[in-house]
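Trainee: Using my numbering, you'd call the opening residue of the sequence shown number 22 and step up by one each time. Virtual Cβ for every residue (Gly too), placed ideally from N, Cα, C. The structure follows.
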Amino acid sequence: MVVVYIKADRHVEIKSPKVCVGDVSKIYCSNHLMTETVKAVEIFHFNIEENGQKKTASIMAVIAAINEQLNNEEICMMNIGENDFVMSLNFSDRQSSKAPWYKVLPVVLITFFGSIFSIMTYNEDVDTMGVFEKIAGIAGTGDTGVKLMAVSYAAGIAAGLIIFFNHFGRKKITDDPTPMEVEMEKYETDVEDTWIKESSRKGKSIDVP
22 MVVVYIKADR
32 HVEIKSPKVC
42 VGDVSKIYCS
52 NHLMTETVKA
62 VEIFHFNIEE
72 NGQKKTASIM
82 AVIAAINEQL
92 NNEEICMMNI
102 GENDFVMSLN
112 FSDRQSSKAP
122 WYKVLPVVLI
132 TFFGSIFSIM
142 TYNEDVDTMG
152 VFEKIAGIAG
162 TGDTGVKLMA
172 VSYAAGIAAG
182 LIIFFNHFGR
192 KKITDDPTPM
202 EVEMEKYETD
212 VEDTWIKESS
222 RKGKSIDVP
């Protein structure tokens with residue numbers, strides 16, 4: 022009997038539509054040939070149109086694919102990693118280590134002007150309208166400048182909330198879970214863990230004799 026240890030990470034990036042065992046997990050076996058054979062087993066195949074999406078999979082599907090394709094009764098699979106994992110599909114031919122300028126520039130500008138605004142409001146005891154009036158006075162725009170900055174400030178807060186919560190009405194901006202969904206998932210996990218522990222302590226948990 023040959024024991025093959027498989028360890029999958031919680032989140033992996035997939036660079037090709039053809040996904041093999043070695044792309045989503047680490048494999049160890051005392052038999053080097055068996056290790057390479059298991060790594061080369063194809064488990065998923067995605068379409069190019071699915072590029073940029075995220076897929077979830079169970080380690081059971083990986084083990085089932087290995088057993089089905091190798092059909093070797095002498096192999097014993099041992100999972101020592103995650104039971105479920107997330108795959109980020111990124112089929113780009115060229116992988117650049119540099120972030121594109123159109124992504125970096127907005128972050129730099131927001132950080133720069135946001136820091137300036139935070140320092141100014143801090144020095145004015147968080148008097149936002151007072152900061153607007155001083156800026157308008159320096160620029161010589163008067164009440165018009167104050168109103169324009171106030172409207173821009175309100176619009177910026179609304180846009181920031183929408184982007185942060187990844188939700189507007191019934192529509193989501195991206196496929197990623199919203200912060201509220203993440204917190205609800207944490208809450209449900211905590212409730213389930215507490216329920217299991219309490220049931221075990223009270224002897225109400227169904228278990229083997």
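Do Cys41 and Ile64 come within 8 Å of each other at the CB atom, strictly closer than that value?
Mentor: Going by C-beta atoms, Ile64 is nearer than 8 Å to Cys41.
Trainee: Mapping the DSSP letters down to three states, classify Phe112 as helix, strand or coil.
Mentor: Coil.
Trainee: Quick check: the region 48-61 against the region 31-39, are at least 3 beta-carbon pairs closer than 8 Å?
Mentor: The region 31-39 is not in contact with the region 48-61.
Trainee: Could you check which residue in Gly102, Met22, Ser109, Ser51 has the C-alpha nearest to that of Asp197?
Mentor: Selected option, being the one with the closest Cα: Ser109.
Trainee: Using CA coordinates, which residue listed in Thr215, Ala29, Ile140 is at the minimum distance from Met99?
Mentor: The option with the nearest alpha carbon to Met99 is Ala29.
Trainee: Could you please give the first and the last residue of the uninterrupted beta strand (DSSP E) stretch that includes Phe67?
Mentor: That residue, Phe67, is in no beta strand (DSSP E); it is neither H nor E in DSSP.
Trainee: So, is Met170 buried or exposed, given that buried needs 16 or more other C-beta atoms within 10 angstroms?
Mentor: Looking at its Cβ environment, which holds 16 or more other Cβ atoms inside 10 Å, Met170 is buried.
Trainee: If you reduce the DSSP assignment to three classes, tell me which class Glu34 lands in.
Mentor: Three-state DSSP puts Glu34 in a strand.
Trainee: Are Ser46 and Val83 close, meaning C-beta to C-beta below 8 Å?
Mentor: Against a cut-off of 8 Å, the Cβ pair of Val83 and Ser46 comes out as a contact.
Trainee: From this set, Thr195, Glu103, Val212, which residue's C-alpha is nearest Thr77's C-alpha?
Mentor: Nearest C-alpha to Thr77: Glu103.
Trainee: In terms of DSSP beta bridges, what is Val107 paired with?
Mentor: According to DSSP, which records beta bridges pairwise, Val107 is partnered with His32, Thr77.
Trainee: Just to check my reading of the structure: Gly163 and Ala157 have Cβ atoms closer than 8 Å, yes? What is that Cβ distance to the nearest angstrom?
Mentor: Confirmed, about 6 Å.
Trainee: Look up Ser92 in the DSSP assignment and say whether it is helix, strand or coil.
Mentor: Checking the sequence, you will find Asn at residue 92 rather than Ser. Three-state DSSP puts Asn92 in coil, outside helix and strand.
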